[in-house]
Amino acid sequence: MWRPVKKSSNGSKPPCHARARFCAVRAGQPDPRKRKAMLPHDDAPRLAVPDKAAARARMKIDRAAWAVRTYARYDRAAVMKVARAVAEAAHQAAQTYAEWAVRETGMGVVEHKKLKNELSAHPLVDFYADTNLVDPRIDSARKIVELPKPAGIILALTPATNPISTLYYKAILALLSRNAVIFSPHPLAKECCRDAAARLEAAAVAAGAPSGLIQCIEEPSVPLVHALMASPNVQVILATGGSAMVRAAYSSGNPAIGVGPGNAPVYVDPSADQSVAAQRIVDSKAFDNSVLCTNESVLISLHENRQRLERGLRTAGAHICSETEVAKLRDWLFPHGHLNTAAVGKSAVWVAQEAGFRVVASTRTLIAPVEHFGCEEPLTKEKLCPVLAFVSVESFERAVSAANMIVRMTGAGHSAAFHGLNSQRALDFASALPVYRVVVNAPCSQGAAGFATHLAPSFMIGTGYFGRSSVGENIGPQHLVHWTRLAWNSDAAVPFGDFSTGRVSSAGPEARPAPPPPAPAAAATPGNGMDRDLLRQLILQELRDLTRGQS
284 MWRPVKKSSN
294 GSKPPCHARA
304 RFCAVRAGQP
314 DPRKRKAMLP
324 HDDAPRLAVP
334 DKAAARARMK
344 IDRAAWAVRT
354 YARYDRAAVM
364 KVARAVAEAA
374 HQAAQTYAEW
384 AVRETGMGVV
394 EHKKLKNELS
404 AHPLVDFYAD
414 TNLVDPRIDS
424 ARKIVELPKP
434 AGIILALTPA
444 TNPISTLYYK
454 AILALLSRNA
464 VIFSPHPLAK
474 ECCRDAAARL
484 EAAAVAAGAP
494 SGLIQCIEEP
504 SVPLVHALMA
514 SPNVQVILAT
524 GGSAMVRAAY
534 SSGNPAIGVG
544 PGNAPVYVDP
554 SADQSVAAQR
564 IVDSKAFDNS
574 VLCTNESVLI
584 SLHENRQRLE
594 RGLRTAGAHI
604 CSETEVAKLR
614 DWLFPHGHLN
624 TAAVGKSAVW
634 VAQEAGFRVV
644 ASTRTLIAPV
654 EHFGCEEPLT
664 KEKLCPVLAF
674 VSVESFERAV
684 SAANMIVRMT
694 GAGHSAAFHG
704 LNSQRALDFA
714 SALPVYRVVV
724 NAPCSQGAAG
734 FATHLAPSFM
744 IGTGYFGRSS
754 VGENIGPQHL
764 VHWTRLAWNS
774 DAAVPFGDFS
784 TGRVSSAGPE
794 ARPAPPPPAP
804 AAAATPGNGM
814 DRDLLRQLIL
824 QELRDLTRGQ
834 S
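Start counting the sequence shown at 284; every next residue gets the next number (this note's numbering).
Below, the structure written as structure tokens:
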């Protein structure tokens, strides 16, 4: 229905913009004022949709910060009680998580993963039982008092190849050094890692530890991991994984301890018992389908002992490939020069079948004789599967040169192995290589990791300056503690402090001699045992994060 245009009180017609609105509404179009309001502006505030995974991760960091402030005041007896309780929980579940890890990742051998899990529990705690990282150290002769200062919150990356053993190992290192740890597992192993972390956390709390010392990211992703690594609330990153992730950890702006790739050459000298050496090498290469970065990658012998060594390898269960099989293996394992990751952690029989040839079902390792080594031969790169390149040379000096070229191509700073009774040659071999550990007459997989030698047991093999890393030894809890040093005047006339009586503590005046008993179940508060004040603070922080950027 037509309506006349109303005049204003003074008798004039409405302004043009008013008439335009009237006509637009009459034509069924939206009010121009509303249309304008709906137009986006670059400077207009937008609704910020919160990232739930990031918000949960921030809450884990807040929770860990609370826990580590409490745990830093525990005395050594309390710390060891917690560590041993967690080691026992880890040991009891070693078989369960070995099966779970193989099922979830498709990599490795159950019985071997079970053994690695067990070695990362009680033996690890026992190795560091006499390493006191809690009590101050008093050196009266030098007039120095040293006070241990734990790092705080550790962000620990775990790989798909050794998920549970690495998680066990890093959790116990954190506990022994009075730190909290948040795990970011590889997505291929997130389920078993999440469950394992929860089990260890429950064991720690039952032994008197504060809740929140051991946590795990439920849904890891690359953007989330990068954000966590750059968090100002993370004190140190323990990076175990691919080279790209380790480099990202070092460039995050936070302190990081990372490890580089392995590619261990193993030299068998004519002075060695060839059958014994062959058995050790095959056992090592077949262990957990070669997923340990410490496994042998290239076998080197002299021409004079090659035939005896080959006989020993066959007896130990290895298949020595023909030239045709080597070509098939090279093409399948290194298409376009890059490792086919489908082979990682798979059996020798499976790899041979996928490469296009058959071997007997009992084959444990594939030996690939090659003429060249280094950049010209991809089979002399790191493989992480039971495939061992094999070269023979005319002299010991040539063998050392070959080993040197191999580790400089990939694996600098990592590991090598020597089999033989000639001690001088062992020294010369080690002196010439840019590596920080040489395993002698032992399987390199277990030996470099400290399980078949007296090296520190470890799932982080420091590659040092050769490998562009910060630590060149097997990583332990001592790398997660720094020390404040009180240094008195060196002048003998200035007396040193008297600490024969009174309290000497690194935790300050609020030092706690023993952990508090766990809260009874009936008195438990929301938030997995957290006190209400802390829970309220976390909720408020979460609400602030959720509303940040909104208007």
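Yeah, the Cβ is synthetic: ideal placement off N, Cα and C, and Gly gets one too.
Taking residue i as the reference, give the member of the options with the closest Cα.
i: M512; options: K611, A626, G536; result: G536
i: V676; options: V581, A625, E401, A527; result: V581
i: A492; options: S567, A368, A338, A377; result: A368
i: I344; options: A463, A370, I455; result: A463
i: I436; options: L575, E659, A350; result: A350
i: R890; options: M363, P503, K426, L483; result: Nothing can be reported for residue 890: it is not among the residues displayed for the chain, which extend from 284 to 834.
i: D418; options: V529, A424, A337, D358; result: D358
i: A651; options: M743, Q518, T449, A672; result: A672
i: R768; options: E394, D422, D781, A373; result: D422
i: A555; options: R530, L521, Y533, L592; result: L592
i: A626; options: P538, L649, C604, L716; result: L649
i: G703; options: D334, H737, A610, V549; result: V549
i: S460; options: P553, A361, R597; result: A361
i: A468; options: L521, V632, A424, E429; result: Going by the sequence as given, residue 468 is Pro instead of Ala. Closest by alpha carbon: L521.
i: L612; options: R597, G628, T598, A635; result: A635
i: V632; options: A510, N623, A569; result: A569
i: G433; options: A348, Q557, G628; result: It is Pro, not Gly, that sits at residue 433 in the sequence shown. Measuring from the Cα of P433, the nearest candidate turns out to be A348.
i: P661; options: H621, S678, S645, K629; result: H621
i: A373; options: G628, A644, A481, E579; result: A481
Determine, using beta carbons only, whether residue i and residue j come nearer to each other than 7 Å.
i: A479; j: I447; result: yes
i: A731; j: T577; result: yes
i: R475; j: T441; result: The question names Arg, yet the displayed sequence has Cys at residue 475. Not closer than 7 Å, so no.
i: L416; j: P406; result: no
i: S514; j: Y452; result: no
i: L507; j: A336; result: yes
i: A543; j: G750; result: In the sequence under discussion, the amino acid at residue 543 is Gly, which differs from the Ala named in the question. Cβ atoms of G543 and G750: closer than 7 Å.
i: G747; j: G696; result: yes
i: A370; j: E401; result: no
i: C658; j: M692; result: yes
i: E382; j: V392; result: no
i: P553; j: L585; result: yes
i: F656; j: V674; result: yes
i: F742; j: T379; result: no
Our contact map puts residue i next to residue j with C-beta atoms below 8 Å; I'd like the distance itself, whole angstroms only.
i: I583; j: A682; result: 5 Å
i: A443; j: T388; result: 5 Å
i: G694; j: G545; result: 5 Å
i: P669; j: R641; result: Their Cβ separation, rounded to whole angstroms, is 15 Å, which puts P669 and R641 out of contact at 8 Å.
i: A699; j: V718; result: 5 Å
i: V365; j: A490; result: 5 Å
i: M390; j: N572; result: 7 Å
i: I497; j: E484; result: 4 Å
i: L456; j: L710; result: About 32 Å separates the two Cβ atoms, so there is no contact after all.
i: G759; j: Y411; result: 7 Å
i: V667; j: V690; result: Note on identity: in this sequence residue 667 is Leu, with Val being the wrong assignment. About 16 Å separates the two Cβ atoms, so there is no contact after all.
i: N588; j: V551; result: 7 Å
i: L616; j: A601; result: With 8 Å as the limit, L616 and A601 do not qualify as a contact, their Cβ atoms being about 17 Å apart.
i: V385; j: K399; result: Not a contact, Cβ separation roughly 12 Å.
i: F779; j: W771; result: 5 Å
List the endpoints of the continuous alpha helix (DSSP H) containing residue i.
i: K343; result: 335-354
i: V549; result: Run containing V549: none in the alpha helix (DSSP H); it sits in the beta strand (DSSP E), 547-551.
i: I564; result: 557-569
i: R386; result: 377-388
Following the continuous beta strand (DSSP E) through residue i, name the residue where it begins and the one where it ends.
i: Y533; result: No beta strand (DSSP E) contains Y533, which is instead part of the alpha helix (DSSP H) from 526-533.
i: I603; result: 601-603
i: W766; result: 764-770
i: H737; result: Taken as a continuous stretch (DSSP letters only), H737 belongs to no beta strand (DSSP E), as it is neither H nor E.
i: R720; result: 718-723
i: D540; result: Here the sequence assigns Ile to residue 540, which means Asp is not the residue at that position. Segment 539-541, the beta strand (DSSP E) holding I540.
i: A522; result: 519-522
Open item on the list: My parser needs the beta strand (DSSP E) runs of 3 or more residues fully inside the region 574-630; what are they?
Closed with: 579-585, 601-603
Task: 3 or more residues per run - each beta strand (DSSP E) lying fully within the region 438-504 - done: 463-468, 497-499
TODO: Could you pull out every unbroken alpha helix (DSSP H) segment of at least 4 residues lying fully inside the region 641-710, listed in chain order?
DONE: 679-692
Task: Segments of 3+ residues assigned as beta strand (DSSP E) that fall wholly inside the region 391-432 - done: 420-422
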